[in-house]
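A.B. asks: Have a look at this one.
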Amino acid sequence: MYSQDIESIIAEYNSDYTDFLEAFRDGSIEELILSKSFPSSLPKQFLIDQLISHKKVQQKIPCFSSVKGLVYPPPIHVEQSSSEWTASFKAKLVETEIIIDGTGGMGVDSYFFAKRGMKLWYIESNEHLCRITQNNFTILGIDAEVVHGRLEDFLGSPEFEVLCASSSSLTLFIDPSRRVQGNKVAGLADSEPNLFRLWDRIAISVDQLIVKASPMAHIEEVLAIEYPIDSVHAVSVNNELKELLYHYRFNPDKQKSDNEGQIWYKSVDIRKNERVEQGQQSFAILAETQGLAPVSVPFIQSDFLPSIRTSTNSTSNNVKEKGGADGLNSYLYDPIVGAKKLACMDHLALEYGLLKLNSHTHLYFSKSLIEHFPGRIFEILDGFSPSHKFLKKWIKANVSKHINIWTLNYPLSSQAIKKKYGIQDGGELTLIFTRISPDHHWVFVVKRVNYLG
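Counting from 126, one number per residue, gives the positions in the sequence shown under my numbering.
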């Protein structure tokens, strides 16, 4: 990868180089490349990678970015790693004596497992990455057994046999590579290592297994496995889906379970501002092993419409202060993205007593404010049928230039609507173009309710 082997690079990488890079951390990469005072004893590409990766680490793993002396892997490995927030979440999922990170990568998940007091075994097939992470564990004060090799080989090794025989509880964590021969894949059967080929060995050896899957994966592929899954977790950060986690328990005598014969579907959204976690929103539901059974959510009826709209024959100049024609507040509820991924939006809506807008519109209505709802809440200020003539008149009366546009189950895109009416995103109001029951197009004028449940 570089003109020198990674061992010698790490040996030479000292405070002189970190001080040199510090001068360029707020500048452009081009400045570093063109610098005439560029150190010559280490590969230029290595130092450039340090700078690029550090910028990514600052945003993704801020607890690493302030530690002087860490060696960062090439940027692609930082991009593929867990973030500080999702790694911390995973570490809290399991109580175990020994954790084996079978696909160690740059060691972010391993670090958080170890910080929870678990004895760590780190396995990584990429020697370059393995040596970098071993160096960083020393600097971070992490005691770990570092093994360079393939997980498949480790599972058949004498070391693994000893671990199985001597540990009171043993957990394996796998984050299969979703880039195979240069191509991106989503399914576990296409990833490396192939979980299904290792299944029999894993199931008779460890007490628990946690698998990190692509956000694009379909959970149906794991529901068909002989061993029933304990729980599925859809993890998002600021409502952007990041990971699917599959949690298995193989030894019921050692592991307590409150859902024998059933599966927990759990969605969690980690809310953060810059580098600080602010809290979490979550929803969980028990399902049978074959998956979630469908539920029926009542639809919003046409007689609700007068209470959530102003007159469509005139425009309003004080929409921000209004709560519908009769002054009564009403609200729209948008479930967290993890609930949508696990297809339990209707189950969530039923639990909170919400009404559905349309069979294909996963947005829900209530006259009540439910502050702890896991998702976004919008106060309805106005509502009307989106005739071109009226909408143009409404926008002229209520919008100077900026208003947010969101389309949901609607024939036009947000971009097309913005272009059509000459408006730009911005401000505190949003126009939601959608479809309501039985099959009407509708526009809601809403304001976000800023509440973290």
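Yeah, the Cβ is synthetic: ideal placement off N, Cα and C, and Gly gets one too.
Every value quoted in this text rests on a predicted model; they were computed, and no experiment measured them.
Since Q205 sits in a beta bridge, which residues does DSSP pair it with?
C.D. replies: For the purposes of this step, residue 205 is taken as residue 80 along the sequence shown, with counting starting at 1. None, per the DSSP bridge assignment.
A.B. asks: According to DSSP, simplified to helix, strand and coil, what is N139?
C.D. replies: Here residue 139 refers to the residue found at position 14 of the sequence shown. Here N139 sits in coil by DSSP.
A.B. asks: Report the residue from D226, D394, I425 and S491 whose alpha carbon sits nearest the alpha carbon of K337.
C.D. replies: In the sequence shown, the residue the question calls residue 337 occupies position 212. Checked all of D226, D394, I425 and S491; the closest Cα to K337 is D226.
A.B. asks: Nearest-angstrom Cα distance between G448 and V570?
C.D. replies: Here residue 448 refers to the residue found at position 323 when the sequence shown is read from its first residue. Here residue 570 refers to the residue found at position 445 when the sequence shown is read from its first residue. Any answer about G448 is weak, because its pLDDT of 42 lies below 50 and its placement is not dependable; what the coordinates show is given next. Whole-angstrom Cα-Cα distance: 10 Å.
A.B. asks: What residues in its chain sit with their C-beta under 7 Å from that of V524, if we drop five residues either side in the sequence?
C.D. replies: Within the sequence shown, numbered from 1, the residue matching residue 524 stands at position 399. Closer than 7 Å at the Cβ level, and outside the excluded window around V524, lie I548.
A.B. asks: Taking its Cβ as the centre, do 16 or more other Cβ atoms sit within 10 Å of N139, making it buried, or is it exposed?
C.D. replies: Working through the sequence shown from its first residue, we reach residue 139 at position 14. So N139 ends up on the exposed side.
A.B. asks: DSSP puts Y247 in a beta bridge; with which residues?
C.D. replies: Along the sequence shown, read from residue 1 onward, the residue named residue 247 stands at position 122. DSSP output for Y247 lists D226 and V271 as bridge partner(s).
A.B. asks: Between R303, F262, A290 and Y247, which has its C-alpha nearest G279's C-alpha?
C.D. replies: Taking the sequence shown and counting its residues from 1, one reaches residue 279 at position 154. As written in the sequence, residue 279 is Phe, which differs from the Gly given in the question. The shortest Cα separation from F279 among R303, F262, A290 and Y247 belongs to Y247.
A.B. asks: With distances taken from CA atoms, which of V196, A314, Q406 and H343 is nearest Q175?
C.D. replies: Along the sequence shown, one-based indexing puts residue 175 at 50. The shortest C-alpha separation from Q175 is found at V196.
A.B. asks: Can you find a heavy atom of the ligand GDP that lies under 7 Å from the Cβ of F503?
C.D. replies: You won't find the ligand GDP in this model; it holds no ligand whatsoever.
A.B. asks: Just to confirm, is the Cβ distance from F237 to A216 under 8 Å?
C.D. replies: The residue labelled residue 237 in the question sits at position 112 within the sequence shown. The residue labelled residue 216 in the question sits at position 91 within the sequence shown. Contact: yes.
A.B. asks: Among K391, R396, L457 and I134, which residue has its Cα nearest to the Cα of A468?
C.D. replies: Against the sequence shown, residue 468 aligns to sequence position 343. The shortest C-alpha separation from A468 is found at K391.
A.B. asks: Do the stretch 249-259 and the stretch 293-301 meet, that is, are 3 or more Cβ pairs less than 8 Å apart?
C.D. replies: Counting Cβ pairs under 8 Å, fewer than three are found: no touch.
A.B. asks: Please classify K466: is it buried, with 16 or more other beta-carbons within 10 angstroms of its beta-carbon, or exposed?
C.D. replies: Working through the sequence shown from its first residue, we reach residue 466 at position 341. Buried: at least 16 other Cβ atoms inside 10 Å.
A.B. asks: What is the DSSP secondary structure of K543, reduced to helix, strand or coil?
C.D. replies: Along the sequence shown, one-based indexing puts residue 543 at 418. Three-state result, K543: helix.
A.B. asks: When we look at the beta-carbon of Q540 and count the other beta-carbons within 10 Å, is it buried (16 or more) or exposed?
C.D. replies: Within the sequence shown, numbered from 1, the residue matching residue 540 stands at position 415. Under this definition Q540 is an exposed residue.
A.B. asks: In whole angstroms, what is the alpha-carbon distance linking A342 and D315?
C.D. replies: The residue given as residue 342 occupies position 217 in the sequence shown. The residue given as residue 315 occupies position 190 in the sequence shown. So the alpha carbons of these two residues sit roughly 11 Å apart.
A.B. asks: Give me the Cα-Cα distance between L288 and Q387, rounded to the nearest whole angstrom.
C.D. replies: As a first step, residue 288 must be located in the sequence shown, where it is residue number 163. As a first step, residue 387 must be located in the sequence shown, where it is residue number 262. Roughly 30 Å separates the two Cα atoms.
A.B. asks: Below 8 Å on the Cβ atoms is my contact criterion, and I expect G232 with N261 to pass it. Report the Cβ-Cβ distance as a whole number of Å.
C.D. replies: Locating residue 232 in the sequence shown gives position 107, counting from the first residue. Locating residue 261 in the sequence shown gives position 136, counting from the first residue. Yes, G232 and N261 are in contact; Cβ-Cβ is about 6 Å, under 8 Å.
A.B. asks: What is the residue span of the beta strand (DSSP E) that I561 lies within?
C.D. replies: For the purposes of this step, residue 561 is taken as residue 436 along the sequence shown, with counting starting at 1. Looking at the DSSP string, the run of the beta strand (DSSP E) that includes I561 is L554 to I561.
A.B. asks: On the DSSP bridge assignment, give the partners of D459 in chain order.
C.D. replies: Position 334 of the sequence shown, counted from the first residue, corresponds to residue 459. Beta-bridge pairing links D459 to R501.
A.B. asks: When you compare the CB positions of Q406 and P499, do they come within less than 8 Å of one another, or not?
C.D. replies: As a working note, residue 406 is residue 281 in the sequence shown. As a working note, residue 499 is residue 374 in the sequence shown. Yes, the pair counts as a contact, with Cβ atoms nearer than the cut-off.
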